[in-house]
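Number of protein chains: 2
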Amino acid sequence: MENFTYCTPTRYVFGHGAEEKVGEMASRYLGRKVMIVYGKGSVVRSGLLDRVKASLSEHGVDYVELGGIEPNPVDTPVYEGIEICRREGVTGMLPVGGGSAIDTAKAIAAGVPYDGDFWDFWAGKATVTEALPVGVVLTIPAAGSEGSGNSVITRLDGMHKISLRTDMVLRPLFSLMNPELTFTLPPYQTACGVADMMAHIMERYFSPTEDVEITDRVAEGVMMAIIEEAPKVMADPCDYQARANIMWSGTLAHNGICGTGRREDWVSHFMEHEISAVYGVAHGAGLAVVFPAWLTFMAARKPAKIAQFAHRVMGVTPTADLHADALEGIARLRAFYGSIGLPLTFSQLGIENPDIPRLVEKLHENKGESFGGYLTLTRRDTPEIYRLML
Amino acid sequence: MENFTYCTPTRYVFGHGAEEKVGEMASRYLGRKVMIVYGKGSVVRSGLLDRVKASLSEHGVDYVELGGIEPNPVDTPVYEGIEICRREGVTGMLPVGGGSAIDTAKAIAAGVPYDGDFWDFWAGKATVTEALPVGVVLTIPAAGSEGSGNSVITRLDGMHKISLRTDMVLRPLFSLMNPELTFTLPPYQTACGVADMMAHIMERYFSPTEDVEITDRVAEGVMMAIIEEAPKVMADPCDYQARANIMWSGTLAHNGICGTGRREDWVSHFMEHEISAVYGVAHGAGLAVVFPAWLTFMAARKPAKIAQFAHRVMGVTPTADLHADALEGIARLRAFYGSIGLPLTFSQLGIENPDIPRLVEKLHENKGESFGGYLTLTRRDTPEIYRLML
Chain A
1 MENFTYCTPT RYVFGHGAEE KVGEMASRYL GRKVMIVYGK GSVVRSGLLD
51 RVKASLSEHG VDYVELGGIE PNPVDTPVYE GIEICRREGV TGMLPVGGGS
101 AIDTAKAIAA GVPYDGDFWD FWAGKATVTE ALPVGVVLTI PAAGSEGSGN
151 SVITRLDGMH KISLRTDMVL RPLFSLMNPE LTFTLPPYQT ACGVADMMAH
201 IMERYFSPTE DVEITDRVAE GVMMAIIEEA PKVMADPCDY QARANIMWSG
251 TLAHNGICGT GRREDWVSHF MEHEISAVYG VAHGAGLAVV FPAWLTFMAA
301 RKPAKIAQFA HRVMGVTPTA DLHADALEGI ARLRAFYGSI GLPLTFSQLG
351 IENPDIPRLV EKLHENKGES FGGYLTLTRR DTPEIYRLML
Chain B
1001 MENFTYCTPT RYVFGHGAEE KVGEMASRYL GRKVMIVYGK GSVVRSGLLD
1051 RVKASLSEHG VDYVELGGIE PNPVDTPVYE GIEICRREGV TGMLPVGGGS
1101 AIDTAKAIAA GVPYDGDFWD FWAGKATVTE ALPVGVVLTI PAAGSEGSGN
1151 SVITRLDGMH KISLRTDMVL RPLFSLMNPE LTFTLPPYQT ACGVADMMAH
1201 IMERYFSPTE DVEITDRVAE GVMMAIIEEA PKVMADPCDY QARANIMWSG
1251 TLAHNGICGT GRREDWVSHF MEHEISAVYG VAHGAGLAVV FPAWLTFMAA
1301 RKPAKIAQFA HRVMGVTPTA DLHADALEGI ARLRAFYGSI GLPLTFSQLG
1351 IENPDIPRLV EKLHENKGES FGGYLTLTRR DTPEIYRLML
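For the protein sequence lines, the chains are A and B, in the order given.
The opening residue of the first sequence carries number 1 in the numbering used here; numbering runs sequentially from there.
The opening residue of the second sequence carries number 1001 in the numbering used here; numbering runs sequentially from there.
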């Protein structure tokens, strides 16, 4: 087990009516004027935005709005938001939505008190030491951003999609999580969220660090819960209990509890970020394609942990052949993804002729010549993994 | 799933050399003068106390000491500590040890700014709204107090052993956790710690709330990790990896992550508190005796969840007979406890003729006429459970 520091101070308010606390929580944690950040209109149509505003007003919290955030959020609205926040004297960020709204809000939060270009943080040229406080009303369980200090933003100039990871400064102070708000999520988006949370766990689980049984068992438990509950959500989008299990799983998948004590991997996320940046696919759908390919590549080189995943999570009966067991586990993971309507290949992702050399070039441009926790990958390996997605 | 609020802001610094951070962390979180609270001398003999003092001095943090805290901590040193803290202008509490030192320190932390008798909080006559900050150097993984807002204190007058549960105000701001500091724990104390952490999970796991798959899986995972790692620790007390797994498991067992979304039970703890208050046994040893008895009583009345425990945690092959499966799971739990040297009966606990009527009387005096989450128990039931421990 590696040394680690772990701290997750986010206050989660979970369950029926959680969003009704927004005015009270905002007045306590976000100050007198918030920026509400949201996406393309579903929170408007559902009436949630009006309810949020009413609750804020009731508690004397003023607000400005920044709507229209797209999936795979880009830098343009971040610059716009920073300018508005400065002009309007905004004291805290209130994203209402999923990862795109939250990550945009975090980027604005980091940018407002910073003298330079907010992208400096994502480009690794500066460290976030100060930010506006962030509170969340979650409507899409997927990114886990409601409990993490991370934010993924794409710079339009060059289509660089980069994940910034901070320890504390960008962690939401509160997250209001009512599973009922997820009833109206379209099936494909629900499934993409499931793939995203599975990936967040697997990036931590497939680690070179040995003797981390406690973290392995927690990670395996969260994956088993997701695999058990996801089909229920797909069968009945208004199944409160299944939605609740999926929603909380998405938070645990990414708030760090599945990663304590070990080196992590994150190559699959890096590889997917290039796909979604270039082809504009849903991040979760991209991950459903990337992960089995990455696992297949790894199974041939370092099968033990993948076999453990197969045995403990996917119910594969152990044999003497770890590689075969690993492949059977991967096949079952693919079958699970397929059963909830996720794509498994570039083609099913709607990309008929992927430009693999371009993806590889951008990947190494963004991440360097070699990277990866489970095994180190170079330009010799990454094209092969992309080709396994064909 | 029940609505819940979850927040665990404790900063855990885990691994080799974690305790070396004590001066830096104390100066940041505990102010200019701390009270070091410790037990019966092992931290003195090991040299840890001297190292802690040196680190404090190096960071300009002054200190006073309160040593000699006994297992199953009582109110006397709490009163003494409150008086010293007020007189000396102590700004923060620094327990160095396990649950007894930490719980005593928390009680002092609550008592210092309070105008009345600190016991008011434990007696339910007042609510803790303010306390000195607490930081921990953990040397005994068992109580989980390093990550909880709880504190168990026994009032000597009447031997009332009561657990106070707070949401936030008594949670340690930091906990420094170096598994090496646990190498010298005697085997029996190590085993008692294991029983304590298992009990903390089971109190949450055996819940009347259904459809909490995610929390079930996490709890099952932590229990499986403990059952896997405990024998390694018993076989080799200096096995760093196994000690590390056990130490972190003890925190997860009690920081709330195994309880999110459900009603909890805690009857076994209530029943054990009477045993350890009256007979002065180690809390964990008492729990090893109480829990299988409680489970056996419950298996006859509500076997489903106990059978799930048997199947998923204890590896019992499912049959059509849930009661039989539950009993087999309990038998394996007893075998596990026995294998690490824990007592399974009153007699093995060193209590030849337990005064069950007295235990029952005190139990209901402290906890009321009926209690329990999994099933409600009354005076008709509790003597039977105590008799199952004979």
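Note that beta-carbon positions come from the ideal geometry of N, C-alpha and C, so glycine has one too.
Whole-angstrom C-beta distance between residue j and residue i, which should lie under 8 angstroms
| i | j | result |
| --- | --- | --- |
| M1035/B | L1066/B | 6 angstroms |
| A1195/B | L1342/B | 6 angstroms |
| L363/A | F270/A | 6 angstroms |
| P71/A | S100/A | 5 angstroms |
| T1182/B | M1247/B | 6 angstroms |
| D75/A | K33/A | In fact, because the Cβ distance is near 24 angstroms, the residues do not count as touching under 8 angstroms. |
| V1052/B | E1019/B | 7 angstroms |
| G97/A | T154/A | Incorrect: roughly 17 angstroms between the Cβ atoms, too far for contact. |
| A293/A | L388/A | 4 angstroms |
| E1229/B | H1016/B | 18 angstroms between Cβ atoms; not a contact. |
| G373/A | E220/A | At roughly 18 angstroms, the Cβ-Cβ gap does not stay under 8 angstroms, so G373/A and E220/A are not in contact. |
Nonlocal neighbours in the same chain, by C-beta distance under 6 angstroms from residue i, ignoring five residues either side
| i | result |
| --- | --- |
| G329/A | F309, A310, M314, V316 |
| P1133/B | Y1029, L1030, G1092, L1173 |
| G1111/B | I1082, F1118 |
| T1166/B | V1128, G1149 |
| V1136/B | P1095, I1102, E1146, P1172, S1175 |
Residues of its chain near residue i, where Cβ-Cβ distance is below 8 angstroms and the 5 sequence neighbours each way are ignored
| i | result |
| --- | --- |
| V281/A | I275, L349, G350, I351 |
| M1168/B | C1007, P1009, G1149 |
| E1369/B | T1378, R1379 |
| P113/A | E130, A131, L132 |
Status (buried if at least 16 other CB within 10 Å, exposed otherwise) for residue i
| i | result |
| --- | --- |
| A235/A | exposed |
| N255/A | buried |
| C1258/B | buried |
| T1129/B | exposed |
| N245/A | buried |
| A1304/B | exposed |
| R1243/B | buried |
| S151/A | buried |
| C238/A | exposed |
| L252/A | buried |
| E1213/B | buried |
| E1058/B | exposed |
| D103/A | buried |
| A1299/B | buried |
| G1250/B | buried |
| N1353/B | exposed |
| A395/A | In the structure as shown, chain A starts at 1 and stops at 390, and residue 395/A therefore has no counterpart that could be examined. |
| L1339/B | Just to set this straight, residue 1339/B is Ser in the shown sequence, not Leu. Exposed. |
| D325/A | buried |
| K106/A | buried |
| L1156/B | exposed |
| P187/A | exposed |
Where residue i meets chain B, residues with beta-carbon distance less than 8 angstroms
| i | result |
| --- | --- |
| I140/A | Result: empty, since nearest Cβ-Cβ is about 17 angstroms, beyond 8 angstroms. |
| Y6/A | R1011, Y1012, F1014 |
| E2/A | G1015 |
| E83/A | Residues of chain B passing the Cβ test: none, with the nearest at roughly 33 angstroms. |
| E229/A | E1213, I1214 |
Neighbourhood of residue i by C-beta, 7 angstroms cutoff - its chain only, sequence neighbours within 5 removed
| i | result |
| --- | --- |
| R1011/B | L1173, F1174 |
| S1046/B | T1184 |
7 angstroms Cβ cut-off: residues of chain A touching residue i
| i | result |
| --- | --- |
| D1236/B | Within 7 angstroms Cβ-Cβ: nothing; D1236/B doesn't reach chain A, min ~13 angstroms. |
| N1260/B | The residue you asked about is not Asn; residue 1260/B is Thr in the sequence shown. Residues of chain A passing the Cβ test: W248. |
| R1217/B | G221, V222, M224, A225 |
| I1385/B | The premise fails here: I1385/B is roughly 29 angstroms from chain A at the closest Cβ pair, so nothing lies under 7 angstroms. |
Partners in chain A for residue i, counting only beta-carbon separations shorter than 8 angstroms
| i | result |
| --- | --- |
| Q1348/B | Residues of chain A passing the Cβ test: none, with the nearest at roughly 29 angstroms. |
Proximal residues of chain C, C-beta to C-beta of residue i below 7 angstroms
| i | result |
| --- | --- |
| E220/A | Protein chains in the displayed structure are A and B, and chain C is not among them. |
Amino acids of chain A, ordered along the chain, whose beta-carbon sits closer than 9 angstroms to that of residue i
| i | result |
| --- | --- |
| A1244/B | M1, D211, V212, I214, G261 |
Cross-chain neighbours of residue i in chain B, by beta carbon under 9 angstroms
| i | result |
| --- | --- |
| I257/A | V1218, L1252, I1257 |
| Q241/A | M1001, E1210, D1211, V1212, E1213 |
Notebook entry, point to check: Is it true that the segment 207-216 of chain A meets the segment 142-153 of chain A, where meeting means three or more beta-carbon pairs spaced less than 8 angstroms apart?
Noted result: Inter-segment contact for the segment 207-216 of chain A and the segment 142-153 of chain A is absent: fewer than three beta-carbon pairs are separated by less than 8 angstroms.
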